[in-house]
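S.K.: I am attaching a structure below and will ask some questions about it afterwards.
In the working numbering, the protein residues as written are 125 to 384.
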């Protein structure tokens, strides 16, 4: 069983757990397992744009054998325009900054990401995990993949921190997850990263971690997906509850995109 598989399944299940609760405030609900419908009225076990764009990134690495920003961007457009990498062949959730960047791509330079401080949503952080499994990936390559949709230095910095943290977990290192109070699970990249660190630092299993992430409210799918990807590496595929794996939709899409 590859660590990439641990990570991607951990990510996708965290995403699917959070989809029904996205935008709901902390304390207004309790997630105890995989359910359907809710915010986006999706079937139980459906993952969102977070996983679809992560799979597009992984599929590009699988197909090209390298980090090719132009190829990754074209796969993002296949997702947006054709529903590729989605369980039902359709897009039901996309961030404003990501949509704007994809809409600006004209087939030449793929680096269409916003460069303003207000462009620091979590839309590149949520899809960057596959780069942790690319041998000798550089900070410059991570920055380039972030800049497809999010080109501000803050977004780039958090993407680099996330990839390097994932690499340490892959190597089996004893990793700490520092966070600051108060914990906010908003879509702002620093809030998201802090909420992920909190979810990992204050739990001792995959299940506990992703449920804590979802129950923070707000950007439930993205925080749980990112936390779930790291928890998948940390605890392994076998730690993911079997009933959640059974409920996850689109497993054949995931399997087709793995490159390890």
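Backbone N, C-alpha and C fix where the C-beta goes; we use that ideal spot for every residue, glycine too.
Since the structure is predicted, the reported quantities are computational estimates derived from the model, not experimental observations.
Exposed or buried, residue 135, counting other C-beta atoms within 10 Å across all chains shown (16 or more means buried)?
M.R.: Here the question's residue 135 lines up with position 11 in the chain shown. When all chains shown are included, residue 135 counts as buried.
S.K.: Relative to the ligand MG, is the shortest distance from any of its heavy atoms to the C-beta of residue 189 smaller than 8 Å?
M.R.: Looking for the ligand MG in the displayed structure turns up nothing, as the structure carries no ligands at all.
S.K.: Can you give the Cα-Cα distance for residue 146 and residue 375, rounded to whole angstroms?
M.R.: Along the chain shown, read from residue 1 onward, the residue named residue 146 stands at position 22. Along the chain shown, read from residue 1 onward, the residue named residue 375 stands at position 251. Distance between the alpha carbons of residue 146 and residue 375: 22 Å.
S.K.: Specify the secondary structure class of residue 312 as computed by DSSP and reduced to three states.
M.R.: Stepping through the chain shown from its first residue, residue 312 is reached at position 188. Strand, per DSSP.
S.K.: Can you find the residues in the same chain that come closer than 8 Å, C-beta to C-beta, to residue 163, ignoring five residues on each side of it along the sequence?
M.R.: Locating residue 163 in the chain shown gives position 39, where the first residue counts as 1. The answer, listed in chain order, is 143, 144, 145, 146, 147, 148.
S.K.: So within the segment 302 to 376, which uninterrupted alpha helix (DSSP H) runs reach at least 4 residues, ignoring any that extend past its ends?
M.R.: If we require 4 residues or more, the alpha helix (DSSP H) runs fully inside the segment 302 to 376 come out as 313 to 325, 330 to 338, 344 to 359, 366 to 371.
S.K.: What separation, rounded to the nearest whole angstrom, lies between the Cα atoms of residue 384 and residue 340?
M.R.: Here residue 384 refers to the residue found at position 260 of the chain shown. Here residue 340 refers to the residue found at position 216 of the chain shown. C-alpha separation (whole angstroms): 32 Å.
S.K.: Please confirm if the segment 285 to 296 is in contact with the segment 343 to 359, defined as three or more CB-CB distances below 8 Å between the two stretches.
M.R.: A contact exists between the segment 285 to 296 and the segment 343 to 359.
S.K.: For residue 154, is the classification buried or exposed, using 16 other Cβ atoms within 10 angstroms of its Cβ as the cut-off for buried?
M.R.: For this step, residue 154 is matched to residue 30 along the chain shown. Per the 10 Å Cβ criterion, exposed.
S.K.: Under DSSP, the alpha helix (DSSP H) around residue 397 begins and ends at which residues?
M.R.: The requested residue 397 does not occur in the structure, where the chain is confined to residues 125 to 384.
S.K.: Closest by CA to residue 355, which one among 309, 329, 254, 316?
M.R.: Here residue 355 refers to the residue found at position 231 of the chain shown. Closest by alpha carbon: 329.
S.K.: In this structure, what does DSSP give as the bridge partners for residue 274?
M.R.: Within the chain shown, numbered from 1, the residue matching residue 274 stands at position 150. The partner list for residue 274 (beta bridge, DSSP) reads 238.
S.K.: Below 8 Å on the Cβ atoms is my contact criterion, and I expect residue 229 with residue 250 to pass it. Report the Cβ-Cβ distance as a whole number of Å.
M.R.: Locating residue 229 in the chain shown gives position 105, where the first residue counts as 1. Locating residue 250 in the chain shown gives position 126, where the first residue counts as 1. Going by Cβ atoms, the distance from residue 229 to residue 250 rounds to 19 Å, so no, they are not a contact pair.
S.K.: Using a beta-carbon distance below 9 Å, is residue 211 in contact with chain C?
M.R.: The displayed structure is made up of one protein chain only, and chain C is not part of it.
S.K.: Quick check: what's the CA-CA separation for residue 166 versus residue 343?
M.R.: Translated into the one-based positions of the chain shown, residue 166 becomes position 42. Translated into the one-based positions of the chain shown, residue 343 becomes position 219. Their backbone Cα atoms lie some 16 Å apart in a straight line.
S.K.: Is residue 157 helix, strand or coil by DSSP?
M.R.: Taking the first residue of the chain shown as position 1, residue 157 is located at position 33. DSSP places residue 157 in coil when its eight states are reduced to three.
S.K.: Starting from residue 223, trace the alpha helix (DSSP H) in both directions and tell me its first and last residue.
M.R.: Position 99 of the chain shown holds residue 223. Note, residue 223: alpha helix (DSSP H), 220 to 228.
S.K.: Please state if the CB of residue 211 and the CB of residue 170 are separated by a distance shorter than 9 Å.
M.R.: Indexing the chain shown from 1 puts residue 170 at position 46. Indexing the chain shown from 1 puts residue 211 at position 87. Yes. Within cutoff.
S.K.: Going by the CB atoms, is the gap between residue 246 and residue 312 shorter than 9 Å?
M.R.: Within the chain shown, the letter at position 188 stands for residue 312. Within the chain shown, the letter at position 122 stands for residue 246. In contact: residue 312 and residue 246 (Cβ atoms closer than 9 Å).
S.K.: If residue 318 sits next to residue 276, beta carbons under 8 Å apart, how far is it from one beta carbon to the other, in whole angstroms?
M.R.: Here residue 318 corresponds to residue number 194 of the chain shown, with the count starting at 1. Here residue 276 corresponds to residue number 152 of the chain shown, with the count starting at 1. Not confirmed; about 17 Å, so no contact.
S.K.: Quick check: the Cα distance between residue 239 and residue 274, rounded to an integer number of angstroms?
M.R.: Working through the chain shown from its first residue, we reach residue 239 at position 115. Working through the chain shown from its first residue, we reach residue 274 at position 150. Computed Cα separation, rounded: 7 Å.
S.K.: Just to confirm my understanding: we take residue 279, look at its own chain, exclude 5 residues before and 5 after, and list those with CB closer than 6 Å. What are they?
M.R.: As a working mapping, residue 279 is identified with position 155 in the chain shown. Hits under 6 Å: 244, 248, 270, 313.
S.K.: Please classify residue 295 as buried or exposed, where buried requires at least 16 neighbouring CB atoms within 10 angstroms.
M.R.: What you label residue 295 is simply residue 171 of the chain shown in a count that begins at 1. Exposed.
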